[in-house]
């Protein structure tokens, strides 16, 4: 069973991904970011953890073959293929506060954070339970000497995909990112499908 | 009022820090890490956030003048002085799983994570609510090209301190780190005091 779904620009969704199934996230137009969250479907207090995943991998940039760990140090997802090779696991989903603090917007969009919170609310997941997301296709350049972080346009080309296989039953949150800086200056959709 | 407290090697503590008070964390012997957590004393679901702090600062290495934000994008602490200048906000507190996965220990120590969980439990803070800590004096070298992370001995010398001023009433968790790799190969105490 497979069905291609579209997340419209600046919006988000949530859905169940069962153990053994593979989630394919595709950037149909290129240079678009998708924030991805994962929660244990049986106990949503167990949640994806950038801190643990980066620590155990001893690297910032995760790709094919790398696992994504939970806050309980269990593997939630394995990256099994990756056309792009550059994603971010450092920065929080953009939010009203991101647009206020970084962009100076006076009437800010709710951002990926607001989109994720709304999509995940029916699953009993509250705003405070939303951690740093795995930011698919997000291209954060890091200067190892100064520590400077710079958000550049994604390296993803039209049609690039990443595939992640679930190692437990999950609730997934996924967005088409709402931050201009992350997406090379324009808002585009994201596509996803479940295989298996 | 000021009183110098010692955290013995491989242990941790928790205490209240009121708005306007300053917490001074000192490395008495040099090359020792202290994992620091902060929770809103009035609602412990509001918690220190590396993802937000690094995002708003647009840099990895925070020091004097930089604020530490919560998951709700409120400033919890301001770094008001810093003798060392190098701390980490990427990696999770070391835990049984760290020692199992990274060090291959068969009967692993509970680590900073276990020490923090035990110290914070009386404040109603559960294990799953513990995020990535602000790792005072931890020296994580980052290769911006490859993304490789390498934990080097701290740059802190005996007597180096960092001072953090509370911007809200907080519950603080603080450790003398339990991971050999973080501390240049030996376990040492950490000292702290509250001023104001």
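Chains as they are written, first to last, in the working numbering: chain A, 51 to 246; chain B, 51 to 246.
Glycine is no exception: its CB is placed at the ideal position from the N, C-alpha and C atoms.
Bear in mind the structure is a predicted one, so any value in this text is a computation, not a measurement.
Check: Are residue 210 of chain A and residue 134 of chain A closer than 8 angstroms when you measure CB to CB?
Finding: For this step, residue 210 of chain A is matched to residue 160 along the first chain. For this step, residue 134 of chain A is matched to residue 84 along the first chain. Result yes, Cβ atoms of residue 210 of chain A and residue 134 of chain A sit closer than 8 angstroms.
Does residue 114 of chain B have its Cβ less than 8 angstroms from a Cβ in chain A?
To locate residue 114 of chain B, count along the second chain from 1; it is residue 64. So no, residue 114 of chain B is outside the interface.
- prompt: Three or more C-beta pairs closer than 8 angstroms, one from the stretch 92–111 of chain A and one from the stretch 60–71 of chain B: is that the case here?
  reply: no
Quiz item: Is the Cβ of residue 62 of chain B closer than 8 angstroms to any Cβ of chain A?
Solution: The count along the second chain starts at 1 and reaches residue 62 of chain B at position 12. Not an interface residue.
Checklist line | Reduced DSSP category for residue 222 of chain A - H, G, I as helix; E, B as strand; rest coil | finding: Stepping through the first chain from its first residue, residue 222 of chain A is reached at position 172. DSSP, read as helix, strand or coil, puts residue 222 of chain A in strand.
Pick out whichever of A/215, A/206, A/130 and A/159 has its Cα sitting closest to the Cα of residue 83 of chain A.
Start at 1 with the first residue of the first chain, and residue 83 of chain A comes out as number 33. The candidate whose alpha carbon is nearest that of residue 83 of chain A is A/206.
May I ask you to report which of helix, strand or coil DSSP gives residue 146 of chain A?
-> On the first chain, position 96 is the one that residue 146 of chain A refers to. Per DSSP, reduced to three states, the secondary structure at residue 146 of chain A is helical.
Review point. Can you tell which of A/85, A/87, A/121 and A/86 has the C-alpha that lies nearest to the C-alpha of residue 183 of chain B?
Key: Reading the second chain from its first residue, position 133 is the one you call residue 183 of chain B. Of A/85, A/87, A/121 and A/86, the residue nearest in Cα terms is A/121.
*For residue 69 of chain A, decide whether its Cβ has a neighbour in chain B, counting only Cβ atoms nearer than 8 angstroms.*
Looking up residue 69 of chain A in the first chain gives position 19. By this cut-off, residue 69 of chain A is not an interface position.
| Any idea if residue 208 of chain A is buried or exposed, counting beta-carbon neighbours within 10 angstroms, 16 or more meaning buried? | Position 158 of the first chain holds residue 208 of chain A. So residue 208 of chain A ends up on the exposed side.
Can you give the beta carbon distance from residue 222 of chain B to residue 87 of chain B, rounded, assuming they're within the 8 angstroms contact cut?
As a working note, residue 222 of chain B is residue 172 in the second chain. As a working note, residue 87 of chain B is residue 37 in the second chain. By a beta-carbon distance limit of 8 angstroms, residue 222 of chain B contacts residue 87 of chain B. Their separation comes to about 7 angstroms.
Could you give the C-beta distance for residue 220 of chain A and residue 124 of chain A, rounded to a whole number, given that I count them as a contact under 8 angstroms? Position 170 of the first chain, counted from the first residue, corresponds to residue 220 of chain A. Position 74 of the first chain, counted from the first residue, corresponds to residue 124 of chain A. Incorrect: roughly 11 angstroms between the Cβ atoms, too far for contact.
Query raised in the report: If we cut at 8 angstroms on Cβ distances, does residue 193 of chain A have a partner in chain B?
Result: On the first chain, position 143 is the one that residue 193 of chain A refers to. Output row for residue 193 of chain A: interface = yes.
Checklist line | Within chain B, the residues that residue 152 of chain A reaches when beta carbons sit closer than 9 angstroms | finding: By one-based count along the first chain, residue 152 of chain A stands at place 102. Within chain B, the residues near residue 152 of chain A are 105, 106 and 108.
(Q) For residue 244 of chain A and residue 232 of chain B, I'd like the C-alpha separation in whole angstroms. (A) Looking up residue 244 of chain A in the first chain gives position 194. Looking up residue 232 of chain B in the second chain gives position 182. Looking at the two C-alpha atoms, the distance is approximately 41 angstroms.
With 16 as the cutoff for other CB atoms within 10 Å, does residue 171 of chain B come out buried or exposed? What you label residue 171 of chain B is simply residue 121 of the second chain in a count that begins at 1. Exposed, by the Cβ-count rule.
Between the stretch 169–198 of chain B and chain A, which residues of the former have CB atoms less than 9 angstroms from a CB of the latter, in chain order?
Hits within the stretch, in order: 176, 177, 178, 179, 180, 181, 182, 183, 191, 192, 193, 194, 195, 196, 197 and 198.
- Query: Between the stretch 135–149 of chain B and the stretch 184–197 of chain B, do three or more beta carbon pairs fall short of 8 angstroms?
  - Reply: By the Cβ rule, the stretch 135–149 of chain B counts as touching the stretch 184–197 of chain B, because three or more pairs are nearer than 8 angstroms.
- Considering only C-alpha positions, which residue in the set A/136, A/114 and A/137 is nearest to residue 128 of chain A? For this step, residue 128 of chain A is matched to residue 78 along the first chain. Here the closest residue by C-alpha is A/114.
*Name the DSSP bridge partner or partners of residue 171 of chain B?*
Taking the second chain and counting its residues from 1, one reaches residue 171 of chain B at position 121. Its beta-bridge partners do not exist; DSSP assigns none.
Q.
By alpha-carbon positions, which one of A/213, A/189 and A/195 ends up nearest to residue 203 of chain A?
A. Reading the first chain from its first residue, position 153 is the one you call residue 203 of chain A. Answer by Cα proximity: A/189.
If the criterion is Cβ atoms closer than 8 angstroms, does the pair residue 251 of chain B and residue 130 of chain B meet it? Shown here, chain B extends from 51 to 246; a query on residue 251 of chain B therefore has no answer.
- Query: At which residue ranges does the stretch 62–142 of chain B contain complete alpha helix (DSSP H) runs of 4 or more residues, listed in the order of the chain?
  - Reply: 100–107
Cβ shell of residue 102 of chain A (< 8 angstroms), same chain only, five flanking positions each side left out
To locate residue 102 of chain A, count along the first chain from 1; it is residue 52. 119, 120, 121 and 123, listed in sequence order.
- prompt: Whose C-beta lies closer than 8 angstroms to the C-beta of residue 57 of chain A among residues of the same chain, with five residues either side of it excluded?
  reply: Working through the first chain from its first residue, we reach residue 57 of chain A at position 7. If we look at residue 57 of chain A and ignore the five residues flanking it on each side, its Cβ neighbours are 63, 84, 224, 225, 226, 239, 240, 241 and 242.
message = Tell me which residues of the stretch 86–102 of chain B have at least one Cβ-Cβ distance to chain A shorter than 9 angstroms, keeping chain order.
response = Shown in chain order are the members of the stretch 86–102 of chain B whose Cβ falls below 9 angstroms from a Cβ of chain A: 93, 95, 96, 97, 99, 100, 101 and 102.
Judging by CA-CA distance, which residue of B/217, B/246 and B/230 is the nearest neighbour of residue 126 of chain B? Here residue 126 of chain B is taken as the residue at index 76 of the second chain, counted from 1. Nearest of B/217, B/246 and B/230 to residue 126 of chain B, Cα basis: B/217.
- Would you report the Cα separation of residue 76 of chain B and residue 246 of chain A, rounded to the nearest angstrom? Walking along the second chain from the start, residue 76 of chain B turns up at place 26. Walking along the first chain from the start, residue 246 of chain A turns up at place 196. Distance between the alpha carbons of residue 76 of chain B and residue 246 of chain A: 54 angstroms.
Item to check | Below-8 angstroms beta-carbon distance, residue 111 of chain B vs any chain A residue | outcome: Counted from its first residue, the second chain places residue 111 of chain B at position 61. With 8 angstroms as the cut-off, residue 111 of chain B counts as an interface residue toward chain A.
Discussion item. Looking at chain A, is there any beta carbon in it that lies within less than 8 angstroms of the beta carbon of residue 142 of chain B?
Written reply: Residue mapping note: residue 142 of chain B aligns to position 92 of the second chain, counting from 1. Yes, residue 142 of chain B counts as interfacial toward chain A.
Next on the checklist: Please list, in chain order, the chain B residues whose beta carbon lies closer than 7 angstroms to that of residue 121 of chain A.
Outcome noted: Position 71 of the first chain, counted from the start, is the residue given in the question as residue 121 of chain A. Within 7 angstroms Cβ-Cβ: 178.
CB residue 180 of chain B to CB residue 169 of chain B, shorter than 8 angstroms?
Stepping through the second chain from its first residue, residue 180 of chain B is reached at position 130. Stepping through the second chain from its first residue, residue 169 of chain B is reached at position 119. No.
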